[in-house]
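Numbering of the sequence shown is given in this note's numbering, commencing with residue 2 and proceeding in unit increments.
All remarks here apply to the structure that follows.
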Amino acid sequence: MNPIIEFCISNLGMGSYEAMQVLEEDPNLDVIEYGCLDHCDQCAESLYALVNGDVVTGETPELLVKAIYQYLEENPMF
Numbered sequence: 002m003n004p005i006i007e008f009c010i011s012n013l014g015m016g017s018y019e020a021m022q023v024l025e026e027d028p029n030l031d032v033i034e035y036g037c038l039d040h041c042d043q044c045a046e047s048l049y050a051l052v053n054g055d056v057v058t059g060e061t062p063e064l065l066v067k068a069i070y071q072y073l074e075e076n077p078m079f
């Protein structure tokens, strides 16, 4: 089972789209796009994604990708 990375379509428009594109190329991740993830305050403040249900943020797309991989390293699924 791969880690699940979820993106809000509104946040993609704010800049996290670039991070999603990078992560989609990793065959060890399941990347999903939703209309809304119900984290509107977070969405308005920064780039973010849900990683296995937990919010992970980054100031830029590059930092978001880095934060997601760091989260996965620190919180293995198994």
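Heads up, the beta-carbon is just placed ideally off N, CA and C, and yes, glycines get one too.
- Per DSSP, the beta bridge partners of Ala-50 are Val-57.
- By the neighbour-count criterion, in which 16 or more other beta carbons inside 10 Å mark a residue as buried, Ala-45 falls on the exposed side.
- In this structure, the beta-carbon distance from Gly-16 to Thr-61 falls below 9 angstroms.
- Distances from the alpha-carbon of Val-57 to those of Glu-26, Leu-73, Tyr-49 put Tyr-49 closest.
- The beta carbon of Ile-5 sits closer than 7 angstroms to the beta carbons of Asp-31, Ile-33, Asn-53 from its chain, once the five residues preceding and following it are set aside; these are given in chain order.
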